Amino acid sequence: MLHFLPQPLQLLARAMVADAMKTADLPTVPAAVVVRAATTKRVKARYTAGKVAQRISTLRRIAPADLFDSSLRKQMRLP
390 MLHFLPQPLQ
400 LLARAMVADA
410 MKTADLPTVP
420 AAVVVRAATT
430 KRVKARYTAG
440 KVAQRISTLR
450 RIAPADLFDS
460 SLRKQMRLP
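Residue numbers (my numbering): 390 to 468.
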């Protein structure tokens, strides 16, 4: 899956995924959103599934772009 990355980055990516999975929503959360999107009469351009996605969506709307970008970079352990 991550064979194209140098080994140190592979280890970092695996650690990040393992951390994220500890608090991840159950698969039923996005599945329910997909069902709702497929069966609704009023289609929306975007559907948010899960707690983290909701927080990111809210932060994106209210935070200045620099703050939003820097918080994502920090969360993803990027420079």
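Backbone N, C-alpha and C define an ideal beta-carbon position, used for all residues, glycine too. Just so you know, these numbers come straight off a predicted model, no measurement behind them.
Identify whether K463 lies in helix, strand or coil by the three-state DSSP scheme.
Counting from 1 along the sequence shown, the entry for residue 463 is found at position 74. Helix, per DSSP.
Quick one, are the C-beta atoms of Y436 and A426 less than 8 Å apart?
On the sequence shown, position 47 is the one that residue 436 refers to. On the sequence shown, position 37 is the one that residue 426 refers to. Contact flag set, yes.
What's the C-alpha gap between H392 and K440?
Your numbering for residue 392 matches position 3 in the sequence shown. Your numbering for residue 440 matches position 51 in the sequence shown. Taking the straight line from one Cα to the other gives about 31 Å.
Expressed to the nearest angstrom, what Euclidean distance is found between the alpha-carbon atoms of R466 and L394?
Reading the sequence shown from its first residue, position 77 is the one you call residue 466. Reading the sequence shown from its first residue, position 5 is the one you call residue 394. Approximately 16 Å between the Cα atoms of the pair.
What is the DSSP secondary structure of F457, reduced to helix, strand or coil?
The residue given as residue 457 occupies position 68 in the sequence shown. When secondary structure is reduced to three states using DSSP, F457 falls in the helix class.
Just the Cα atoms here: how many angstroms apart are V422 and F457?
As a working note, residue 422 is residue 33 in the sequence shown. As a working note, residue 457 is residue 68 in the sequence shown. The alpha-carbon of V422 is positioned some 25 Å away from that of F457.
In its own chain, which residues sit with a C-beta less than 6 Å from the C-beta of Q464, not counting the 5 before and 5 after it?
In the sequence shown, the residue the question calls residue 464 occupies position 75. For Q464, same chain residues with a beta-carbon under 6 Å away, outside a window of 5 residues either side, do not exist.
Starting from the N-terminal side, write out each stretch of the beta strand (DSSP E) that is 3 residues or longer and does not extend beyond the segment 398-459.
none
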